[in-house]
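Let me begin by presenting the structure, written as structure tokens, before commenting on it.
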Amino acid sequence: MSSWQIIQQSLPLFEKGFILTLWLSFIGIIGSIIVGLICSLLKYFRVPVFSQIAAVYVEISRNTPLLVQLFFLYYAFPVFGFKLNAELCGIVGLIFLGGSYMAEGFNGGFDGVSKTQVETGKAIGLSRMQLARYVVFPQGFTLSVPALAANIIFLIKETSIFTVIAIPELTNTALDLIGMYYRSSEYLLVLVIGYAIILIPLSIILTLLEKRVRYGAFGN
Amino acid sequence: MAHSGINVLFEGRNLIRLFGGLWTTVEIAAVALVLGLILGVILGVLRTFPNRLLRLVLRLYLEFFRIVPTVVLLFLFYYILPKQLGVNLPANQVATLVFALWTAAEMSDIVRGALISVPKHQRESGMAIGLNRLQLYRYVLIPQAVSLELPATINLVTRVIKTTSLLMLISVMDVINVGQQVVEANNQKYPTGVFWVYGIIFVMYFAIDYPLSWWAKRMDKKRLERANG
Amino acid sequence: SGCGSSSKSSKSASSSSNNPSTVQQIKKRGTIRIAVFGDLPPYGWVNKQGQRVGYDLTLARQIAKDLKVKPKFVQVNANNRVDALNSNKVDLVLANFTVTPQRKQVIDFASPYMKVSVGVVSPKSKPVTKVSQLQNKSLIVTKGTTAENYFTTKQQNVNLLKFDSKTQQFNALKNNRGVALADDNSYLYAWVKNQPKFTVGIKSIGPKQYIAPAVKKGNKSLLNWTNKDIKKLNNNGFFEKDYNSQLKPYFGKEVRPSDIVIK
Amino acid sequence: MAKQVIKVEHLEKYYQKDHILHDINFSIDQGEVVALLGPSGSGKSTLIRCLNGLEPYQNGTVSFNGDQVVPTEKNWQKLRQKIGMVFQSYDLFPNLTVLDNILLGPVKVQKQSRETAKAAAEKLLDQVGLREYENVYPRQLSGGQKQRIAIVRALALNPELMLFDEVTASLDPEMVRGVLNIISKLAQDSDMTMIVVTHEMNFAQQIADRVLFLEDGKILEQTKGDQFFKQPQTDRAKEFLESMDF
Amino acid sequence: MAKQVIKVEHLEKYYQKDHILHDINFSIDQGEVVALLGPSGSGKSTLIRCLNGLEPYQNGTVSFNGDQVVPTEKNWQKLRQKIGMVFQSYDLFPNLTVLDNILLGPVKVQKQSRETAKAAAEKLLDQVGLREYENVYPRQLSGGQKQRIAIVRALALNPELMLFDEVTASLDPEMVRGVLNIISKLAQDSDMTMIVVTHEMNFAQQIADRVLFLEDGKILEQTKGDQFFKQPQTDRAKEFLESMDF
Ligand SMILES: Nc1ncnc2c1ncn2[C@@H]1O[C@H](COP(=O)(O)OP(=O)(O)OP(=O)(O)O)[C@@H](O)[C@H]1O
Ligand SMILES: Nc1ncnc2c1ncn2[C@@H]1O[C@H](COP(=O)(O)OP(=O)(O)OP(=O)(O)O)[C@@H](O)[C@H]1O
Ligand SMILES: [Mg+2]
Ligand SMILES: [Mg+2]
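Residue numbers (this note's numbering), protein chains in the order written: chain V, 592 to 811; chain A, 5 to 233; chain W, 3 to 265; chain Y, 169 to 414; chain U, 169 to 414.
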């Protein structure tokens, strides 16, 4: 069979994997942003106990590989009767990892708001809440956009690791086909193209967004 | 029962083997980092040169490594390189090569970013005393860029170390692969062994990466304070 | 096109004189690189002392000994056995490699040394004894195995959960991630012996199949040598000895040497 | 006797181990304009930042309108509505329009109605000649314009005390004049109590009722405005004045 | 007749579409000190940056010692050894000690031996009163000290022409004087040819043999120093001078 036929025959399977990759990434990213924002807010408002818990979580999550996190969730936790299906494991794992990355992104933005801006806000009598609402958050979100964009791309790529817990996303599909039909060049090519189709347009969109946001708020 | 599962680590040479696997991991990461960081600095410098073609080529190199997930990179290099190009390397060296090239790509962007954020007047002062381009980079720009980029570089290092967990997929006897062997070989005696084996691997990665992240964070904080104060 | 022609030329080059895996080359090098499993007791695994042992490993060492070279083991998963050969990572695969028509197209098998067929293991509490019980249920397999191939092509309404390694697939079964697991029956016998809660409910489906050493396509030199060596080993009873030392302790009473060893 | 707006007694300030302000004592009456002069690093900024609680101090007291401030963040936050402050850097909020910058305090902090606050703000904008810019974003303004808006923003809260910290230091020389003019006018026409840190001696001479001369965190002299510039009491102040004009 | 050090003819400079410098013509004789004055944004920095090739220009010529400069990067790089330049921001290299900052040019560019260069550098350091700082890093210096070192660094190459671009603009007021003194001394005692951009009118008056007054990228007038300050020829210059002192 020619390479082209091989590729054509595999396309329906890849399409399924592609959609799954997109879908898992989407949920994972939304979840990560929510978790990250919560952690970041806990830190910003120095909520006792919870902010410490969030800090510990962030460190654990940031400093261990997703693969090991997934192994834990998927293989080790069920030993103690805590069992999630593979897709849920993947999503939980991705959010567990992404939450801390997003939290760091938001923190960076909030910390990046200049000290004089904060002091100016205080000087006109804004309360801590008001300072956050009118000064720190609007400027901080803008500042964190580049980091968040980088995290989004990063998380999408991390879904390739889901292959180890038998989720038939893109990478898993390719490795599986290679195992059955031994045409690794063709399948890996399709795989790379699959990621490129997702990531190239996305990275262009995010870059544009970054530029726009930056100009919108800090043209000075 | 759960508590006794931990003994799986102390059976035979299991623990030593796990550390041996970790050593393989660290070794690959270390060599890849040394090579990748050096190459990355060179590429980063080249990316600040005015030559458009050069910049385009290096940019494409970066984007390729950015877009293709590391798992896929590993498979590409492990299987495709030998077939299409006739270069044949054992798994550990393939892994080292992939990680080095990936590190270089990411590093080139960090270096470029740091170089262009060295204040413009520093570059111009250098030019004003007659330094040529090489001298400008050698005495003025690179030394200053290094201190600007250090936190980002350390973060890259932690990422590379974490990503070595993928080595298990291409027949490298890394800590996770050894972990799987241990789990399988002791399955019957220690049904909860899987928890402890993956647990210690988790702790190992954390123990390596956390101090590095902490260091990077502290430096970033200091820089922020300096910028603000 | 250009791409195709370059791959063709490299292929022809690798099957001719500069093939690094000829007997001559191997002897010159002094080591033979053999792909084995690392997590499949009792065929290819690593014991708690860190030694590679098992039925395949004993054979591998014997082959190296007969070649008068040292063995160098490369651990593989089922789905990279073919590529390990094709990308010249190894000279020989001794990783429970089942002979199939598709595989024969891309690599060369030597004479078989073991018989198997696909079996299905399931919990004793909910045993699966007929393939029809698997309709629309999740069945655990490892990527690149004959079991996966069989179910993908012959039983398309079974949902497959595909894993990379044996460790992962057995763990998944223990965690009830599927109703059953399909793999070569010989491993399943060994595995259930240690797992009293599970049973090999379907002992054999599909055709009887053979396990054989594999070499890169066109590597006549090593192929012929291996065939001769297997014949010799068969004649002097090596495989029975290997069976008795490596496999017997892991199997229950339901397995006899003649189920496995080719006479 | 005029009402005492602010009174500082035995104020001491440390940064970690560094002793920055030493036993600061002074008080300012309503309507008085005090210039705070002194070499760079003498502690001028630190002192006026202590006066609206942006810097914590380790000892001594600050009283406002006769009431000693219990230095909690909450108390300071309330007081800051009565103490306007303008900084050296043009510190407008880049994410808000000029008008929203000005209204933030009156509307969100003082809970004035937007209409009232807006009317007042527009009057102030008229005074600084920037009424037409009310709907633009700060990035579209020049440095001098930004700084004038910052003054308006502080005034919009109707403060009883205004603190100016080198408000012209980062302006282009040609822009300086407009901003100083506005402060002069404010000092002369209104009854505003002010503390002004500046390096523009001519300007200081023109507006100051009194001069506090600070060095190394100590008040070296407190002298009437005219007298300070003609006949400073200390040698250090004399030397300082000389160095200030080439 | 004195030697003509630099001559500019019909110089035109654009940033993309913006026409920044319009038909600039002037020349400077050896030993002459020219003050380049003008409002912010008038193109002063751009002009002097064109004179040592830091900015490319689109039309016209620059001649140095009678030779027209063929504007390639290589040529400029050689010429820059003869043209010292000091910028507004303290632009010492933070990664090198004071001495290494100064020696970088003489040793690496001019290939002098380190000993010779060091002896010369120390002499210059003595002149600006900073000999004892030769082994410290720039961050340990005050702004005025840094700027004096920057001047020494430029002088160490023994340039025939010195360009100063608002060298005191980011200094604390008390520091300004020391730096200006050094430039004055250089202007008066040595035979150095200089172009000085400054906003300190007293200083300009004191050192300038001639004033070039720039507005909107055009030279509005070229007048003898004394005369410019007493009796500027154009109204715009008069207005400018008035705005500069409060
Ligand atoms: N955050 C800080 N941490 C430590 N020391 C500080 C801090 N801020 C200021 N200082 C020190 O406090 C002293 C007074 O500083 P301050 O800014 O009040 O001086 P200043 O009189 O306003 O000077 P300038 O005229 O330059 O604005 C200086 O010695 C300074 O180094
Ligand atoms: N890199 C640039 N790109 C586009 N326009 C520029 C650039 N640099 C300067 N300009 C413009 O060129 C004009 C002249 O600028 P220049 O810095 O030479 O003025 P200047 O007289 O030195 O002002 P100042 O006194 O503020 O230093 C200004 O209108 C400025 O906006
Ligand atoms: Mg100050
Ligand atoms: Mg300028």
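We put the CB at the ideal spot given by N, CA and C, even for glycine.
Just so you know, these numbers come straight off a predicted model, no measurement behind them.
Neighbourhood of residue i by C-beta distance below 8 Å, restricted to the same chain and skipping five residues each side
| i | result |
| --- | --- |
| Arg307/Y | Pro262 |
| Lys166/A | Tyr209 and Asp213 |
| Gly810/V | Because Gly810/V carries a pLDDT of 42, less than 50, the predicted location of this residue cannot be relied on, and the following value inherits that uncertainty. Counting only Cβ-Cβ distances below 8 Å, and skipping sequence neighbours, we find nothing. |
| Lys91/W | Arg35, Ala37, Val76 and Asp85 |
| Asp359/Y | Gln198 and Gly199 |
| Val296/U | Arg316, Ile317, Ile319, Val320 and Ile350 |
Contacting residues, own chain, Cβ-Cβ under 6 Å from residue i (five flanking each side not counted)
| i | result |
| --- | --- |
| Phe371/Y | Leu348 |
| Phe69/A | Trp106 and Ala109 |
| Ser9/W | Annotation note: pLDDT 38 at Ser9/W (below 50); position unreliable, coordinate value reported separately. Cβ within range, chain order: n/a, list empty. |
| Ser12/W | In this prediction, Ser12/W has a pLDDT of 39, which is less than 50 and means its spatial position is unreliable; what the coordinates show is noted afterwards. There are no such residues. |
| Gly346/U | Gly312 |
| Leu734/V | Gly700 and Gly703 |
Amino acids of chain V, ordered along the chain, whose beta-carbon sits closer than 7 Å to that of residue i
| i | result |
| --- | --- |
| Lys145/W | Leu766, Asp767 and Gly770 |
Closer than 7 Å: residue i CB and nearest ligand 4 heavy atom
| i | result |
| --- | --- |
| Lys212/U | yes |
| Asp333/U | yes |
Cβ-heavy atom distance, residue i to ligand 1, below 7 Å
| i | result |
| --- | --- |
| Tyr258/U | no |
| Asp191/Y | no |
| Ser208/Y | yes |
| Tyr183/Y | yes |
| Ile387/Y | no |
| Arg403/U | Sequence inspection shows Asp at residue 403/U; the Arg mentioned does not correspond to that position. Checking the Cβ of Asp403/U against ligand 1 gives no. |
| Asp394/U | no |
| Asp178/A | no |
| Asp340/U | yes |
Residues that residue i bridges to, as DSSP identifies them
| i | result |
| --- | --- |
| Lys72/W | Thr33/W |
| Ser195/U | Lys175/U |
| Met116/W | Ile213/W and Val263/W |
| Thr74/A | Bridge partners of Thr74/A: none, in fact. |
| His187/U | Tyr182/U |
| Val364/Y | Ala203/Y and Phe332/Y |
Neighbouring residues, chain U, relative to residue i (Cβ below 7 Å)
| i | result |
| --- | --- |
| Ser129/A | Phe255 and Asp259 |
Proximal residues of chain A, C-beta to C-beta of residue i below 9 Å
| i | result |
| --- | --- |
| Asn221/W | Near Asn221/W there are no residues of chain A at all, since even the closest Cβ is about 15 Å away, more than 9 Å. |
Cross-chain neighbours of residue i in chain A, by beta carbon under 8 Å
| i | result |
| --- | --- |
| Val659/V | Ser169, Ile180, Tyr202, Ile205, Phe206 and Tyr209 |
Chain V contact residues for residue i, given Cβ-Cβ distances below 8 Å
| i | result |
| --- | --- |
| Thr154/W | Met771 |
| Leu325/Y | Ile715 and Gly716 |
| Glu256/W | Going along chain V, no residue has its Cβ under 8 Å from Glu256/W, so there is no contact; the nearest lies around 29 Å. |
Proximity test, residue i beta-carbon vs ligand 2 heavy atom, cut-off 7 Å
| i | result |
| --- | --- |
| Ile120/A | no |
| Ile188/U | yes |
Partner residues on chain D for residue i, Cβ-Cβ distance less than 9 Å
| i | result |
| --- | --- |
| Gln245/U | Absence of chain D from the displayed structure is noted, the protein chains being V, A, W, Y and U. |
Residues that residue i contacts on chain Y, provided the C-beta gap is smaller than 7 Å
| i | result |
| --- | --- |
| Thr711/V | Phe255 and Asp259 |
Contact list for residue i against chain W, beta-carbon separation under 9 Å
| i | result |
| --- | --- |
| Gln97/A | The contacting residues do not exist; Gln97/A stays about 11 Å from chain W at best. |
Cutoff 7 Å; reference residue i; Cβ partners in own chain excluding five residues on either side
| i | result |
| --- | --- |
| Val187/A | Gly197, Val198 and Val201 |
Residues that residue i contacts on chain W, provided the C-beta gap is smaller than 7 Å
| i | result |
| --- | --- |
| Ser775/V | Asp85 |
Interface partners of residue i on chain U, CB under 9 Å
| i | result |
| --- | --- |
| Met362/Y | Neighbours of Met362/Y on chain U: none; closest Cβ ~17 Å, over 9 Å. |
Proximal chain W residues relative to residue i, where beta-carbon distance stays under 8 Å
| i | result |
| --- | --- |
| Glu110/A | Ordered by position in chain W, no residue passes the 8 Å Cβ test against Glu110/A, which lies about 26 Å from the chain. |
Item to complete: Check distances from the C-beta atoms of the region 186 to 219 of chain Y to those of chain U and list, in chain order, the residues that come in under 7 Å.
Response: Going along the region 186 to 219 of chain Y in chain order, one finds Pro207 and Ser208 with a Cβ nearer than 7 Å to chain U.
Worksheet item: Quick one, which residues of the region 139 to 153 of chain A are near chain U if we go by CB-CB under 8 Å, in chain order?
Response: Of all residues in the region 139 to 153 of chain A, only Gln139, Tyr143, Val144, Pro147, Gln148 and Ser151 come within less than 8 Å of chain U when Cβ atoms are compared, listed by chain position.
Item to complete: Determine which residues of the region 597 to 616 of chain V have a Cβ less than 8 Å from any Cβ of chain A, and write them out in chain order.
Response: Those would be none; no residue qualifies.
Item to complete: Please name the residues in the region 335 to 368 of chain Y whose beta-carbon is closer than 7 Å to at least one beta-carbon of chain U, in chain order.
Response: Along the region 335 to 368 of chain Y, the positions whose C-beta sits under 7 Å from a C-beta of chain U are Asp340, Pro341, Glu342, Arg345, Leu348, His367 and Glu368, read in chain order.
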